[in-house]
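Those protein sequences? They're chains F and W, same order as listed.
The first sequence lines up with residues 8 to 121 when you count with our numbering.
The second sequence lines up with residues 140 to 318 when you count with our numbering.
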Amino acid sequence: MEQTAKDRALMKALTPETPRQLPSNFPYVTMRRIKAEQHLEESRQRKMAIVTTILVSLAGGAALLYFVGGTLWHTLLRIFEQPDAFALIGPTLFCLLFFALVNHWLSKHFAMTK
Amino acid sequence: MQTDEKELIARILDGHAEDYGYFLERYSQEAFAIVVRLVPQQEDAEELVQDAFVRAFNRLDTFEGRSTFSTWICRIAYTTAISWLRKRRMKYLSIDDQPKLTDTEVDEAFDDESRIEELRRAITLLKPDEQTLITLYYYDNRPLNDIAYILDAEPNTLATRLHRIRRKLYLLMKHGTNS
């Protein structure tokens, strides 16, 4: 198909009678919508991550109880029947506190550098 | 595609969403020109162009730079508008069986400036994709390869379609409607 100067009438007919323009704030409005959609998507992903974590933890806990729950219970009972069983409580609490502090520091560090 | 545009896209994908404003500033009128011919209501056309830019932003990682960003966004704007029209089930007239016409008759009609109004009315009776094709080719002077990308068609097929559309336009000018 050859495009020639012959099609003058056709070209004029294709020229809009009143030029149509987008409003001058179009880029701003569109960027605002894009950011709002991004924010929504991030919040949806965060919620999904929380729900997934809870479900996986519950499933893991249930599986643990189902498969080795009885054995664990009997082992714990036997441990507490020992006279020096409570000697472990101090070091265990210290370890828990230590790990909680490390966890807090790591969370803070990564939140700042993200 | 310009190198700085490639760099901008890389930056946007890296989290600098605000850089997308450059593409909005530069190409939104171009995309709007395509959409507004298919969807004459200003508000609907604006919303569709916005949808196209949001869709392009969300799919920016699939843009491989084989076409220019301008052609890519025009294609997205065009498909967005066509889908919108399909959902609305807008009907357009068509002439499938074209009587015998000589090219000279058609050429003369398209060169006769006293028939511009008839031509304008005839253009509005074309299907949306046909309107877009003749606008991109005759008014925007885009190369057939670019048009083929925007309309998702083969360049050779488009040449044949352009020929058919010219004849169809002539018939619509002569008869006013598809009868």
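For each residue, glycine too, the CB sits at the ideal point set by N, CA and C.
Given the structure is predicted, the values throughout are model-derived calculations rather than measurements.
Backbone CA spacing between residue i and residue j [nearest angstrom]
i, j, result
"A184 (chain W)", "L264 (chain W)", "19 Å"
"D268 (chain W)", "L290 (chain W)", "8 Å"
"Y309 (chain W)", "L152 (chain W)", "48 Å"
"L79 (chain F)", "T99 (chain F)", "18 Å"
"D236 (chain W)", "A216 (chain W)", "Its pLDDT being 48, under 50, D236 (chain W) is placed unreliably in this model, and the coordinates cannot settle the point."
"L301 (chain W)", "R254 (chain W)", "20 Å"
"I57 (chain F)", "V63 (chain F)", "10 Å"
"P23 (chain F)", "E169 (chain W)", "14 Å"
"R305 (chain W)", "N280 (chain W)", "16 Å"
"D285 (chain W)", "T201 (chain W)", "18 Å"
"T82 (chain F)", "L104 (chain F)", "25 Å"
"T218 (chain W)", "R227 (chain W)", "14 Å"
"E49 (chain F)", "K42 (chain F)", "10 Å"
"W211 (chain W)", "E182 (chain W)", "23 Å"
"R53 (chain F)", "A220 (chain W)", "33 Å"
"T299 (chain W)", "E44 (chain F)", "42 Å"
"A287 (chain W)", "T271 (chain W)", "11 Å"
"K313 (chain W)", "T241 (chain W)", "14 Å"
"E256 (chain W)", "S167 (chain W)", "29 Å"
"L65 (chain F)", "L163 (chain W)", "47 Å"
"P179 (chain W)", "W223 (chain W)", "13 Å"
"M38 (chain F)", "H155 (chain W)", "12 Å"
"I148 (chain W)", "E203 (chain W)", "10 Å"
Beta carbon proximity, residue i to chain W, threshold 7 Å
i, result
"K121 (chain F)", "Only weak support is given to the placement of K121 (chain F): the predicted model assigns it a pLDDT of 42, under 50, and the question is left unresolved by the model."
"P26 (chain F)", "no"
"T78 (chain F)", "no"
"F117 (chain F)", "no"
"M18 (chain F)", "yes"
"F33 (chain F)", "yes"
"R15 (chain F)", "yes"
"L65 (chain F)", "no"
"L29 (chain F)", "yes"
"L104 (chain F)", "no"
"L21 (chain F)", "yes"
Interface flag, residue i vs chain F, CB-CB below 7 Å
i, result
"V174 (chain W)", "no"
"Y277 (chain W)", "yes"
"E269 (chain W)", "no"
"D285 (chain W)", "no"
"N317 (chain W)", "The predicted position of N317 (chain W) is uncertain, since its pLDDT is 47 and thus under 50; a value taken from the coordinates is nonetheless stated next. So no, N317 (chain W) is outside the interface."
"L232 (chain W)", "Note on L232 (chain W): pLDDT 47, under 50, position unreliable in the model; no value is reported."
"L218 (chain W)", "Note that residue 218 (chain W) is Thr in the sequence shown here, rather than Leu. Chain F, which has no Cβ nearer than 7 Å to the Cβ of T218 (chain W), makes this no."
"T274 (chain W)", "yes"
"F202 (chain W)", "no"
"F208 (chain W)", "no"
Rounded distance between the beta-carbons of residue j and residue i, thought under 8 Å
i, j, result
"D143 (chain W)", "R15 (chain F)", "Actually they are not in contact, since the Cβ atoms of D143 (chain W) and R15 (chain F) sit about 38 Å apart, beyond 8 Å."
"R294 (chain W)", "L311 (chain W)", "Residue 294 (chain W) is actually Pro in this sequence, not Arg. The Cβ separation is near 25 Å, so there is no contact."
"Y276 (chain W)", "M18 (chain F)", "About 10 Å separates the two Cβ atoms, so there is no contact after all."
"R176 (chain W)", "T274 (chain W)", "6 Å"
"R150 (chain W)", "A20 (chain F)", "The Cβ separation is near 43 Å, so there is no contact."
"F171 (chain W)", "L29 (chain F)", "5 Å"
"A94 (chain F)", "I86 (chain F)", "In fact, because the Cβ distance is near 11 Å, the residues do not count as touching under 8 Å."
Checklist entry - Just by C-beta distance, which residues in the segment 38-50 of chain F are closer than 8 Å to chain W? => result M38, R40, I41, K42, E44, Q45
Checklist entry - Quick check: the segment 72-79 of chain F against the segment 195-207 of chain W, are there 3 or more CB pairs under 8 Å? => result no
Next on the checklist: I'd like to know if the segment 182-202 of chain W and the segment 155-169 of chain W are in contact, where contact means that at least 3 CB-CB pairs between them fall below 8 Å.
Outcome noted: yes
Checklist entry - Which residues, taken in chain order from the segment 185-199 of chain W, show a beta carbon closer than 9 Å to some beta carbon of chain F? => result E185, V188, Q189, F192, V193, F196, N197
Item to check | Stretch-stretch touch, CB-based, cutoff 8 Å, three pairs: the segment 22-34 of chain F with the segment 173-189 of chain W | outcome: yes
Checklist entry - Using a Cβ cut-off of 8 Å, which residues of the segment 151-168 of chain W contact any Cβ in chain F, in chain order? => result A156, E157, Y159, G160, L163, E164, S167, Q168
Next on the checklist: If the cut-off is 7 Å on Cβ atoms, which residues from the segment 245-262 of chain W count as contacting chain F, listed in chain order?
Outcome noted: D246, F249, D250, D251, E252, R254, I255, L258, R259, I262
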